[in-house]
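Enquirer:
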Amino acid sequence: MTHYAENRKARFDYEILEKYEAGVELLGVEVKSVRGGRMSLEGSFVIVRGGEAFLINTNIPPYQPKNAPKDYDALRNRKLLLTKKEITELAGSGKNKSLTIVPISVYNKNRKIKVEIALVKGKKKRDKREIIKKRETDREIRREYKER
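Residues -1 to 146 (the numbering used here) are what the sequence shown spells out, left to right.
1. For the region 68 to 80 and the region 22 to 37, state whether three or more C-beta atom pairs, one from each stretch, are separated by less than 8 Å.
2. Less than 6 Å between C-beta atoms, sequence neighbours within five positions excluded: which residues of the same chain meet that for V113?
3. Quick check on K77: does DSSP put it in helix, strand or coil?
4. Would you list the residues sitting across from V22 in a DSSP beta bridge?
5. Evaluate N5 with the Cβ neighbour count: other Cβ atoms within 10 Å of its Cβ, from every protein chain shown; 16 or more gives buried, anything less gives exposed.
6. Which whole-angstrom value is the C-beta distance of I58 and F52, which I expect to be below 8 Å?
7. With a threshold of 9 Å between beta-carbons, can P63 be considered close to chain B, or not?
8. Within 10 angstroms of its Cβ, does Y12 collect 16 or more other Cβ (buried), or is it exposed?
9. Does the ligand ATP have a heavy atom nearer than 8 Å to the CB of V46?
10. Please report the Cβ distance between Y61 and K30, rounded to the nearest whole angstrom; I am assuming they are in contact, meaning their Cβ atoms lie under 8 Å.
11. What do you get for Y18, buried or exposed, if any count of 16 or more other CB atoms within 10 angstroms of its CB means buried?
12. Suppose you measure from the CA of K121 to the CA of I129; what does that come to, to the nearest Å?
13. Nearest to I14 by alpha carbon, out of K132, S96, T135 and E142?
14. On the DSSP bridge list, what partners appear for G120?
15. Out of E50, I54 and R47, point me to the one whose CA is closest to G41's CA.
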């Protein structure tokens, strides 16, 4: 299983409640670009509309810009392939104002490109500060042990 892109900021900014695996509807130009590692999940999110889930604001530049179609949009909305049960679960929980659906990572599974999406809740600023403080104290403790 090869990982192509990861949304590290999402793991820091949000508390992950539930994870889902979804396929993505991509163009041929996009598939080659993703396999080349040229994809950004920063700032992207998922919307459920009309019984379908869409990946919004994901940047996939063309594999070869000179050969790309003239009307190609790198930030276009991409349809996610989920079961109806998963879509209804996401739609029901997405109505809650404090919950969001964000992509966590993009990877290869049996020659298919999959996106791991998660139902998340935003962290408060103080929670983020506590995490940073804990990380720094752990780092200092490890340094102390190394010196001995």
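Ideal placement from N, C-alpha and C gives every residue a C-beta, glycine not left out.
From a predicted model like this one, the values you see are computed outputs, not experimental measurements.
Expert: A quick look at the data gives this:
1. Under the three-pair Cβ rule at 8 Å, the region 68 to 80 counts as touching the region 22 to 37.
2. Cβ neighbours of V113 beyond the five flanking positions: A20, V22, P101 and V104.
3. If DSSP states are grouped into helix, strand and coil, K77 belongs with the strands.
4. As computed with DSSP, V22 is found in a beta bridge with L78.
5. N5 comes out buried.
6. That pair is no contact at about 14 Å.
7. The structure shown contains no chain B, having only a single protein chain.
8. Around the beta carbon of Y12, 16 or more other beta carbons lie within 10 angstroms, which makes this residue buried.
9. With respect to small molecules bound, the structure shown includes none, and the ligand ATP cannot be examined in it.
10. Contact between Y61 and K30 holds, with the beta-carbon distance rounding to 4 Å and staying under 8 Å.
11. Taking every protein chain shown into account, the CB of Y18 has 16 or more other CB atoms within 10 angstroms, so this residue is buried.
12. I129 has its alpha-carbon roughly 11 Å from the corresponding atom of K121.
13. Of the candidates K132, S96, T135 and E142, the one whose C-alpha sits nearest the C-alpha of I14 is S96.
14. G120 pairs with Y12.
15. Minimum Cα distance to G41 is reached at I54.
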